[in-house]
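Enquirer: For reference, the structure I am asking about is given below.
As structure tokens, then:
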């Protein structure tokens with residue numbers, strides 16, 4: 001029989017009860033003879049004797065372990081026969097080996113004690129302790145470590161084997177009964193854990209339950225049985241004694257509360273003698289019987305701190321870590337491991353020190369510069385090289401190189417403040433508690449006693465005031481129809497004051513130019529308008545009345561804010577031209593690049609970007625960037641300054657040749673005339689030729705005078721100037737002033753020749769800077785160069801600015817329709833048109849403007865993009 005045939009036979013015979021793991025030893029025994037069936041059969045019988053012990057018909061012949069087997073071969077077997085078998089034992093020793101073989105086969109279970117008879121259950125302990133042989137045999141048995149089986153469980157297992165033997169073996173004198181081994185270290189009350197096969201679990205559980213055991217089948221581990229002998233119940237009285245045994249606390253002492261509203265707080269015990277089971281603890285309260293002020297409290301006045309770079313040097317330390325920072329371990333067992341800081345005040349001592357850690361940054365992290373020349377700049381990391389991080393600035397998209405020790409992680413959801421506020425500390429004026437127009441009053445004496453209303457008029461220095469009765473029973477809905485009531489000011493009491501602006505220690509007065517306010521108290525009661533200026537020293541503001549357009553000066557404490565200034569309207573002028581009216585750059589024109597709450601970023605034409613105050617920058621329509629409109633004197637000065645910032649256009653040069661005169665004889669007197677050089681006039685506009693008889697020559701004369709200016713010289717000069725202007729570069733239209741107004745708001749799209757930077761920008765488009773093509777973030781362009789930019793190929797796609805020579809630039813042709821182009825030549829010169837159709841093979845485009853259709857060559861157009869499309 002082959003191995004597969006044997007598998008099929010077992011499966012067909014046993015059916016669903018067949019388990020390959022259970023029959024593994026039997027299969028190995030069948031194929032252990034290497035072709036010798038007798039050896040395989042002997043091994044199979046030995047395996048059967050091992051797992052299925054059977055009693056013989058005749059007297060049992062047991063082999064003593066000390067004589068028939070090596071020492072320790074069967075340490076768990078007590079192979080002792082019944083009384084009266086001593087003679088049979090001697091005969092077995094003299095007989096053949098069959099008896100020895102049968103004795104070994106009866107050693108089926110190494111955990112079974114087969115020394116007693118059927119009626120010796122009650123005298124088991126006597127046998128174990130009554131003779132020295134019994135003690136010796138118990139010493140030969142191996143004791144299990146840990147908790148041993150109970151006596152009751154051992155008896156139950158003995159009965160299982162007895163029943164099994166009665167069914168399969170006929171009773172005889174020499175029959176041996178199998179009994180579980182007992183050990184001297186058996187305890188009384190324990191829980192037993194049995195590991196059995198899942199198929200035998202219900203049978204074992206049913207049998208143990210029938211014997212009075214409490215059986216629990218584990219639901220999470222199949223086959224586990226928990227047998228509980230006894231449960232001990234603690235009475236409530238005993239439980240109370242145990243629970244309150246350590247109630248009394250030392251007095252006085254400090255304790256920590258573990259549960260309840262004050263969990264985690266530390267209190268002081270000053271009365272522990274409480275019969276109710278409570279302890280009186282002194283602890284700061286969390287709830288107050290009176291209202292408490294809310295909000296933050298300033299512990300440090302920032303206006304009194306030094307306002308320079310020393311502040312950042314004091315508060316910054318390259319080894320200062322915060323929760324959430326990513327760090328790398330530099331020394332110790334965790335060397336080179338990267339982790340995240342979860343706590344900076346860990347209460348347990350650890351082996352890592354701050355100097356063994358370093359902060360790490362990754363590409364894409366949002367950081368802030370906390371020290372150095374770029375203090376306060378925020379952006380994200382686009383490249384890291386050693387200790388230098390390339391940071392793309394959030395506002396201008398400029399790439400900066402900053403040491404990683406000057407950076408910290410941050411978020412970009414707040415306004416940028418480059419330095420600490422420089423506002424000096426001052427004490428506010430006390431609130432005005434006197435009676436003012438607009439206050440609600442109630443009459444306490446006189447003929448109008450009990451009436452109340454709002455004050456309509458109260459002259460300064462007078463003791464009488466006027467109000468209208470606000471009682472709805474008498475007035476109805478229209479209060480203005482009632483006459484004014486005159487009453488003495490000493491007879492009234494204020495009942496309500498309007499909620500006006502208050503001074504806050506943290507922020508001062510929350511008002512700025514451009515806010516829309518309403519006067520709630522004072523002589524200008526119910527006046528509304530836009531704030532023009534604020535004087536925090538005097539606590540006054542000036543507003544432009546929306547009624548009569550007059551400027552009104554009122555105390556800040558008399559107004560209420562209706563709406564904040566709309567700064568979004570100023571965002572439209574970013575990229576436009578502004579005028580500087582204050583500071584060191586007063587009188588210069590500049591381009592606005594960024595706008596904050598207090599500061600703005602501008603670039604004077606031909607210079608790098610600088611940061612100025614909003615109040616020092618004025619738009620083209622006379623409004624400061626802080627929202628204030630220029631007043632009449634300032635507006636007149638602004639118009640005069642703007643007029644002086646533009647140079648007048650030069651006078652057109654007179655290119656008409658000088659008038660010809662008839663030939664005349666030359667005399668010595670004419671050569672020596674003192675008025676010979678007076679007819680030459682030199683000015684900044686050029687040389688003007690006036691009527692001079694000596695300046696003309698005989699046209700028919702063959703003598704050439706190099707000191708004489710003739711018409712041919714003038715024509716040559718004009719031709720030379722025209723050629724010089726046209727040959728100023730490959731992009732003469734960009735160098736001239738003809739299209740300068742167009743490039744204030746549009747980028748010219750150009751291509752770069754391979755000779756620039758080794759061809760790195762050869763296949764890419766570059767865009768000229770706006771509003772000045774010759775000045776960018778990198779400063780003014782050198783002579784003969786143009787400022788242009790393009791997106792980088794590195795992470796973050798930041799803008800890269802270049803100064804490219806004009807000789808290395810040429811026009812970028814359009815590639816598709818709907819692109820916009822500037823016409824450089826033809827009837828539509830200077831116009832921006834939209835491409836209707838692009839023919840790349842013919843190098844032409846078709847343009848439709850209204851009812852006109854025309855075609856232009858690529859060399860007649862320049863592709864442009866709107867200025868606000870790029871940062």
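Residue numbers (UniProt numbering): 1 to 871. Ideal placement from N, C-alpha and C gives every residue a C-beta, glycine not left out.
1) Counting C-beta neighbours from all protein chains within 10 Å, is the total for residue 388 16 or more, i.e. buried, or is it exposed?
2) Cβ atoms of residue 467 and residue 444: under 9 Å apart, would you say?
3) In its own chain, which residues sit with a C-beta less than 6 Å from the C-beta of residue 765, not counting the 5 before and 5 after it?
4) Applying the 10 Å Cβ sphere with the 16-neighbour rule, what's the burial state of residue 762?
5) Which runs of the beta strand (DSSP E) spanning at least 3 residues fall entirely within the segment 746-810, listed in chain order?
6) What's the C-alpha gap between residue 760 and residue 754?
7) Which residues in the same chain as residue 601 place their Cβ atom closer than 6 Å to its Cβ, once the five residues preceding and following it in sequence are excluded?
8) By Cβ distance, which residues of its chain are closer than 6 Å to residue 453, with the 5 residues on each side in sequence left out?
9) Any idea what DSSP makes of residue 733, helix, strand or coil?
10) When you compare each of 866, 617 and 559 to residue 584 by their alpha carbons, which one comes out closest?
11) Between the C-alpha atoms of residue 863 and residue 589, what's the straight-line distance to the nearest angstrom?
12) CA-CA distance, residue 623 and residue 581?
13) Starting from the C-beta of residue 855, find all residues in its chain whose C-beta is less than 8 Å away, skip the five residues before and the five after it, and write them out in chain order.
14) Three or more C-beta pairs closer than 8 Å, one from the segment 331-344 and one from the segment 375-383: is that the case here?
15) Could you say if the segment 812-822 and the segment 782-790 meet the contact criterion of at least three C-beta pairs nearer than 8 Å?
16) Going by DSSP, what residue range makes up the beta strand (DSSP E) through residue 253?
17) To the nearest angstrom, report how far apart residue 553 and residue 643 are at their CA atoms.
18) Check this for me: beta carbons of residue 500 and residue 558, under 9 Å apart or not?
19) Relative to the C-alpha of residue 460, which candidate in 450, 489 and 441 has its C-alpha closest?
20) To the nearest angstrom, how far is the alpha carbon of residue 19 from that of residue 211?
21) According to the neighbour-count rule (16 or more other Cβ atoms, all chains shown, within 10 Å of its Cβ), is residue 291 buried or exposed?
22) To the nearest angstrom, how far is it from the Cα of residue 214 to the Cα of residue 14?
23) Between residue 451 and the rest of its own chain, which residues show a CB-CB distance below 6 Å, the 5 nearest in sequence each way excluded?
24) Relative to the C-alpha of residue 532, which candidate in 547, 516, 613 and 498 has its C-alpha closest?
25) Beta-carbon within less than 6 Å of residue 745's beta-carbon, same chain only, minus the 5 sequence neighbours each way: which residues are those?
26) What do you get for residue 614, buried or exposed, if any count of 16 or more other CB atoms within 10 angstroms of its CB means buried?
27) For residue 6 and residue 201, I'd like the C-alpha separation in whole angstroms.
28) If you reduce the DSSP assignment to three classes, tell me which class residue 862 lands in.
29) What does the alpha-carbon distance come out to for the pair residue 325 and residue 357?
30) Using beta-carbon positions only, say whether residue 338 and residue 360 come within less than 9 Å of one another.
31) Measuring straight from C-alpha to C-alpha, what distance separates residue 235 and residue 342?
32) Beta carbon of residue 528, beta carbon of residue 514: below 9 Å?
33) So the alpha helix (DSSP H) residue 26 belongs to, where does it begin and stop?
34) Could you tell me which whole beta strand (DSSP E) segments of length 3 or greater appear in the segment 543-599?
Expert: Let's see:
1) exposed
2) no
3) 749 and 812
4) exposed
5) 746-752, 765-768, 785-791 and 799-805
6) 7 Å
7) 593, 594, 609 and 611
8) 467, 468, 469 and 470
9) helix
10) 617
11) 28 Å
12) 11 Å
13) 844, 845, 846 and 847
14) no
15) no
16) 253-256
17) 32 Å
18) yes
19) 489
20) 30 Å
21) exposed
22) 33 Å
23) 443 and 469
24) 516
25) 867
26) buried
27) 29 Å
28) strand
29) 11 Å
30) yes
31) 47 Å
32) no
33) 24-30
34) 551-555, 559-563, 577-580 and 589-595
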